[in-house]
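Written out below as structure tokens is the structure these notes cover.
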Amino acid sequence: MRPFRITRRTAVFTLLCAFPAVAQHADTVFYNGKIITMWDQHPTVQAVAIRGDKFVAVGSGADVLKTADANTRKIDLYGRCVLPGLIEGHVHPITAALSEIDGPIPVFHSIPEIQAYIREQARKLPKGQIIFVPKVYATRLAERRYPTRQEIDAAAGSREAVVDNGYASVLDSAMLQHVGITRDTPQPTNGRIVKEESGEPTGLVLGGPQILAKVREPRPVTPKDRLWAL
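This note's numbering puts the first residue of the sequence shown at 1, with every later residue one more than the last.
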């Protein structure tokens with residue numbers, strides 16, 4: 001018969017089994033919900049119990065409610081979802097949701113992909129409607145730069161087109177003419193119109209949303225639109 005070896009882990013486990021758990025009543029219990037725990041073993045649970053600033057129980061509603069007493073605040077979630085407190089200093093959930101209200105934002109990996117998208121939009125959109133290419137970031141492109149005015153011209157032809165990321169935009173020749181930006185256009189107070197040595201605008205406009213007020217005219221958004229987007 002093999003001798004039984006008592007390890008530290010075995011001893012601790014034995015002690016835990018030998019004594020009943022000390023009852024710890026919760027201050028607050030959230031139950032009857034879908035609670036995201038960010039814990040791989042139990043990614044979602046029905047209920048959680050809180051005492052002070054710590055969770056004292058997570059699991060099914062029946063089990064977690066056992067931690068409650070007459071003084072416990074019990075909150076029925078009615079099936080709602082609960083997320084951890086995400087600390088993010090610069091997030092725009094409503095704006096992000098509304099940005100895709102007309103369809104998913106394409107993800108671009110190179111300038112040729114942007115050109116292909118512009119050509120596709122030129123075929124789909126009625127003449128006179130600006131081709132707007134949103135959320136284009138140079139760091140995500142293989143070329144590590146924005147497309148030039150000439151590269152956009154090659155794809156858009158005579159159509160007005162804008163490649164935009166919210167803080168910088170590249171306008172094609174037709175769009176520059178549409179918004180009235182020329183070599184003689186003075187620099188705005190907040191922003192910059194990038195120009196070549198000759199003085200001609202390159203098409204790149206930095207900052208200053210008032211510069212592109214004619215370009216970024218958002219369509220009216222109703223409360224129903226906001227709710228649907230979220």
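Positions of the beta carbon are idealized from the N, C-alpha and C atoms, including for glycine.
What you are looking at is a predicted structure, and each value in this text was computed from that prediction instead of being measured.
Around the Cβ of GLU160, are there at least 16 other Cβ atoms within 10 angstroms (buried) or fewer (exposed)? buried
Could you compute how far the alpha carbon of ILE231 sits from the alpha carbon of ALA62? The structure shown does not extend to residue 231, since the chain is modelled only from 1 to 230, so the question has no answer here.
Residues in its own chain within less than 7 Å of GLU200 by CB, not counting five upstream and five downstream? ARG183
Based on DSSP bridge pairs, tell me the residues matched to ASP164. SER169
I need the straight-line Cα distance from TYR117 to GLN150, nearest angstrom please. 16 Å
Rounded to whole angstroms, how far is the Cβ of GLN41 from the Cβ of TYR31, which I believe are closer than 8 Å? That pair is no contact at about 20 Å.
Tell whether a beta-carbon distance below 8 Å holds between GLY191 and VAL179. no
Return the chain-ordered list of same chain residues with a C-beta closer than 8 Å to the C-beta of ALA68, the five sequence neighbours on each side being excluded. HIS25, ALA26, VAL29, ALA49, LYS74
Verify whether the separation of the beta carbon atoms of ASP164 and PRO188 is less than 8 Å. no
Between the alpha carbons of ALA97 and ALA57, how many angstroms are there, rounded? 34 Å
Other residues of its chain near GLN121: CB distance less than 7 Å, five sequence neighbours each side excluded: ILE131
VAL232 to GLY166, Cα distance in whole Å? Residue 232 lies beyond the residue range present for the chain, which begins at 1 and ends at 230; the question has no answer from this structure.
Under 8 Å Cβ to Cβ from PRO223, same chain only, skipping five residues before and after it: list those, please. none
PRO147: buried (16+ other C-beta within 10 angstroms of its C-beta) or exposed? buried
Closest to SER110 by CA distance: which of GLU100, VAL82, VAL136 is it? VAL136
On a CA-only basis, which of THR37, GLU196, ARG123, SER198 is nearest LEU83? Give me that one, please. THR37
Return the bridge partner residues of LYS66 from the DSSP annotation. DSSP, once it has assigned bridges, lists no residue as partnering LYS66.
Need the endpoints of the alpha helix (DSSP H) that ALA156 sits in, please. 149-156
Given VAL22, which residues of its chain have a CB within under 6 Å of its CB, disregarding the five upstream and five downstream residues? Confidence in VAL22 is poor, its pLDDT being 39 and thus under 50, which makes the residue's placement too unreliable to answer from.
DSSP state of ARG226, grouped into three classes? helix
According to DSSP, simplified to helix, strand and coil, what is THR182? coil
Given GLN115 as reference, the closest of ARG226, THR185, ALA156, LEU176 once Cα atoms are compared: ALA156
Do VAL170 and GLY207 have their beta-carbon atoms positioned less than 8 Å apart in this structure? no
Counting only the same chain and skipping the five closest in sequence on each side, list residues whose C-beta sits under 6 Å from that of ARG119. ALA155
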